[in-house]
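For reference, the structure is listed below as structure tokens.
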Amino acid sequence: MQLKLTVPFNLDLSVSCGQSFRWRKINGFWYAPVGDSVWKVKQEGDTLFYEGASDADIIRYFGLDIPLDDILQDIDRDELIHSAVASCRGLRLHRQPPFECLISYICATCANIPGIQLRVENLAKMYGRELKSDGMTFYTFPNPEDLACESPENVRLCKVGYRDKYICGAAAYAAENPQWAADIFSMSYADAKRELTSLSGVGQKVADCVLLFAFEKYEAVPIDVWMERIFRTRYLGSEKKLSYEKAAGYAREHFGRYAGYAQEYLFAEREILAKKGE
DNA sequence: AGTGGACCTGCGTA
DNA sequence: CTACGCAGGTCCA
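Just so we're aligned: the first sequence equals residues 205 to 482 in my numbering.
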């Protein structure tokens, strides 16, 4: 199937910028298990070619229905973001499956992106279902029930380390409250964040990632070590480390209601914006 | 409200 | 080859 794009979109950047962890580029196509099937996607100019997903799936997952031009125009409020927008135009936030997103970011603490990918892949291999595509094997991300009945000791065999009990706890929460994701969708940002951070292993940063990447809460501004450094050195010129609230609060004040989108564009340019040692 | 140490694991570097 | 440092934080004192 194919789709003619009438809106800005950069597939390569969107799937490789670190918001999601299961996309792999093989022979020019991006593959990932999404939901119950393997998606295979390629972009050539303004045409998207894909298999394994419907038009509606593609539009929804990649957020092609979101008015990106309006958002970029809205957040374009200083020189740094202006250049990030110029370099990364077409980067779109995905709408990730909520449970997978939650567990993935629980796995993201004290790890780099390859390390996160490894842990998520291990969980899928151990507890997901096998899928074949073009002779390759993929694994669905496990359902909450698949993980909820496991002991932390077993889950730890997926090399998730101290996160084992957090993963089991989050799985139990999702399994016992099947409507959890619908509930969070309907909540305000503040209420949704309070709900997520009540889970053990989910602090402000993880909650904001999940709210931004799975629940369309654009007020969520995940502050990791990179973003703290960028806001401290490039925006506030502060000497001492910024508290989470200070950095995120500044971002919302400065960038407005799409501050989360601004964060993602700055994050994509982190190597350039945050020189080591500053 | 704010600070400091412990915590799994994999990977890069000495 | 082994040792150590560090990486998309969170929890607990």
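Even for Gly, the Cβ is constructed at its ideal location relative to N, Cα and C.
Query, Result
"Residue from Cys314, Gly249, Gly222, Leu306 whose Cα sits closest to the Cα of Gln206", "Gly249"
"Neighbourhood of Arg436 by C-beta distance below 6 Å, restricted to the same chain and skipping five residues each side", "Ser442, Leu446"
"Whether Ile310 touches Ala411 by CB criterion (8 Å)", "no"
"Rounded separation between Pro408 and Arg456 - CA only", "Reading off the sequence, residue 408 comes out as Gln, not Pro. Each residue's Cα considered, the two are about 15 Å apart."
"Beta-carbon proximity of Arg367 to Gly405, cut-off 8 Å", "yes"
"Under the three-state DSSP convention, the category Gln223 falls into", "coil"
"Three-state secondary structure (DSSP) of Val406", "coil"
"Residue(s) in a DSSP beta bridge with Gln247", "Leu252"
"Same chain only: Cβ atoms within 6 Å of Lys397, ignoring 5 sequence neighbours per side", "Ala411"
"Buried versus exposed, by CB contacts within 10 Å (16 or more), Lys429", "Strictly speaking, residue 429 in this sequence is Val, with Lys absent from that position. It is exposed - the Cβ of Val429 has fewer than 16 other Cβ atoms within 10 Å."
"Among Ala288, His286, His458, Leu295, nearest to Leu268 - alpha-carbon criterion", "Leu295"
"Cut-off 7 Å between Cβ atoms - residues of its own chain near Asp240, not counting five sequence neighbours on either side", "Thr344"
"Where Tyr343 sits in the DSSP three-state scheme", "strand"
"Between the CA atoms of Ala472 and Gly453 - distance to the nearest angstrom", "20 Å"
"Boundaries of the alpha helix (DSSP H) in which Arg299 is found, first to last residue", "Neither: Arg299 is in no alpha helix (DSSP H) and is coded neither H nor E."
"Contact the stretch 263-282 vs the stretch 296-303: 3+ CB pairs below 8 Å", "yes"
"Simplified DSSP assignment, three categories, for Ser487", "Within the shown structure, residues of the chain are numbered from 205 to 482, placing residue 487 beyond reach of any answer."
"Integer-rounded CB distance, given that Cys305 should sit under 8 Å from Leu217", "With 8 Å as the limit, Leu217 and Cys305 do not qualify as a contact, their Cβ atoms being about 19 Å apart."
"Arg461 burial status per 10 Å Cβ neighbour count (16 or more: buried)", "exposed"
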